[in-house]
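This report refers to the structure that appears directly beneath it.
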Amino acid sequence: MAIYDSTITSKGQTTIPAEIRELLGLKPGDKIRYVAQGNRIYLRVKNGNAMELAGVLHDPSRPRMSLEEMDAAIGDALAEDDRRIMSDWHRHKRSSEVSSG
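Numbers given in my numbering equal positions in the sequence shown, counted from 1, plus 919.
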(Lines of atoms letter the chains of each structure in order from A and count residues from 1; the text may use other names and numbers.)
(Lines give C-alpha, C1' and ligand atoms only; values in the text may rest on other atoms or scores of the structure.)
Protein backbone atom coordinates (compact mmCIF):
# COMPACT_ATOMS: atom_id res chain seq x y z
CA MET A 1 0.00 0.00 0.00
CA ALA A 2 1.34 3.37 -1.02
CA ILE A 3 0.64 6.48 1.05
CA TYR A 4 0.76 10.00 -0.34
CA ASP A 5 0.53 13.24 1.63
CA SER A 6 -0.89 16.59 0.58
CA THR A 7 -1.28 19.93 2.34
CA ILE A 8 -4.51 21.91 2.62
CA THR A 9 -4.28 25.62 1.84
CA SER A 10 -6.03 28.39 3.79
CA LYS A 11 -8.78 28.24 1.14
CA GLY A 12 -9.34 24.51 1.77
CA GLN A 13 -7.65 23.48 -1.47
CA THR A 14 -5.16 20.69 -1.97
CA THR A 15 -3.16 19.18 -4.81
CA ILE A 16 -3.76 15.55 -5.71
CA PRO A 17 -0.29 13.98 -5.94
CA ALA A 18 0.88 13.28 -9.51
CA GLU A 19 1.12 9.53 -8.82
CA ILE A 20 -2.55 9.44 -7.77
CA ARG A 21 -3.65 11.54 -10.77
CA GLU A 22 -1.79 9.15 -13.06
CA LEU A 23 -3.17 6.06 -11.32
CA LEU A 24 -6.75 7.36 -11.63
CA GLY A 25 -6.25 8.79 -15.12
CA LEU A 26 -7.22 12.28 -13.93
CA LYS A 27 -6.71 15.27 -16.17
CA PRO A 28 -7.58 18.96 -15.81
CA GLY A 29 -11.34 19.49 -15.79
CA ASP A 30 -12.18 15.96 -14.57
CA LYS A 31 -14.63 15.64 -11.71
CA ILE A 32 -13.93 13.83 -8.46
CA ARG A 33 -16.36 12.83 -5.73
CA TYR A 34 -15.71 12.55 -2.01
CA VAL A 35 -17.65 9.73 -0.35
CA ALA A 36 -17.92 9.87 3.46
CA GLN A 37 -18.43 6.53 5.19
CA GLY A 38 -18.06 6.64 8.94
CA ASN A 39 -14.69 8.17 9.73
CA ARG A 40 -13.29 7.37 6.27
CA ILE A 41 -13.38 9.44 3.11
CA TYR A 42 -13.09 7.81 -0.31
CA LEU A 43 -12.08 9.65 -3.45
CA ARG A 44 -13.97 8.54 -6.56
CA VAL A 45 -13.33 9.57 -10.14
CA LYS A 46 -16.45 11.02 -11.72
CA ASN A 47 -15.21 11.92 -15.18
CA GLY A 48 -17.10 9.56 -17.46
CA ASN A 49 -20.60 9.14 -18.75
CA ALA A 50 -22.77 6.13 -19.44
CA MET A 51 -22.39 6.34 -23.22
CA GLU A 52 -18.66 5.70 -22.88
CA LEU A 53 -19.51 2.27 -21.46
CA ALA A 54 -21.42 1.15 -24.56
CA GLY A 55 -20.20 -2.28 -25.63
CA VAL A 56 -17.74 -2.68 -22.78
CA LEU A 57 -19.42 -5.89 -21.58
CA HIS A 58 -20.07 -7.38 -25.02
CA ASP A 59 -19.08 -11.03 -25.25
CA PRO A 60 -18.72 -11.96 -28.94
CA SER A 61 -19.28 -15.65 -28.13
CA ARG A 62 -22.82 -14.94 -26.87
CA PRO A 63 -25.75 -14.38 -29.22
CA ARG A 64 -27.14 -10.85 -29.40
CA MET A 65 -30.32 -10.10 -27.46
CA SER A 66 -33.27 -8.10 -28.74
CA LEU A 67 -34.47 -5.10 -26.75
CA GLU A 68 -37.50 -7.13 -25.67
CA GLU A 69 -35.24 -9.91 -24.36
CA MET A 70 -33.13 -7.34 -22.50
CA ASP A 71 -36.26 -5.77 -20.97
CA ALA A 72 -37.49 -9.20 -19.87
CA ALA A 73 -34.10 -10.10 -18.35
CA ILE A 74 -33.95 -6.78 -16.49
CA GLY A 75 -37.52 -7.28 -15.24
CA ASP A 76 -36.68 -10.79 -14.02
CA ALA A 77 -33.58 -9.52 -12.21
CA LEU A 78 -35.54 -6.70 -10.57
CA ALA A 79 -38.30 -9.08 -9.49
CA GLU A 80 -35.74 -11.46 -7.98
CA ASP A 81 -34.03 -8.55 -6.20
CA ASP A 82 -37.39 -7.40 -4.84
CA ARG A 83 -38.14 -10.92 -3.54
CA ARG A 84 -34.73 -11.03 -1.82
CA ILE A 85 -35.21 -7.60 -0.24
CA MET A 86 -38.70 -8.42 1.00
CA SER A 87 -37.51 -11.76 2.39
CA ASP A 88 -34.67 -10.02 4.25
CA TRP A 89 -37.09 -7.36 5.53
CA HIS A 90 -39.58 -9.96 6.79
CA ARG A 91 -36.78 -11.97 8.45
CA HIS A 92 -35.45 -8.79 10.12
CA LYS A 93 -38.96 -7.82 11.24
CA ARG A 94 -39.58 -11.28 12.74
CA SER A 95 -36.24 -11.26 14.58
CA SER A 96 -36.99 -7.75 15.92
CA GLU A 97 -40.39 -8.92 17.20
CA VAL A 98 -38.82 -11.91 18.93
CA SER A 99 -36.07 -9.86 20.57
CA SER A 100 -38.49 -7.17 21.76
CA GLY A 101 -40.70 -9.97 23.09
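Using N, Cα and C, we set each Cβ at its ideal position, and we do this for glycine too.
- The Cβ atoms of residue 938 and residue 923 lie closer than 8 Å to each other.
- Assignment of beta strand (DSSP E) within the segment 942-1002, counting only whole runs of 3 or more residues, yields 951-956 and 959-964 in chain order.
- Shown here, residue 1014 sits in a helix according to DSSP, grouped into three states.
- The criterion of a C-beta distance shorter than 8 Å is not satisfied by residue 964 and residue 978.
- The straight-line gap separating the alpha-carbon atoms of residue 921 and residue 991 is approximately 45 Å.
- Residues of the same chain with their beta carbon placed closer than 8 Å to that of residue 959 are lacking, with the five preceding and five following residues left out of the count.
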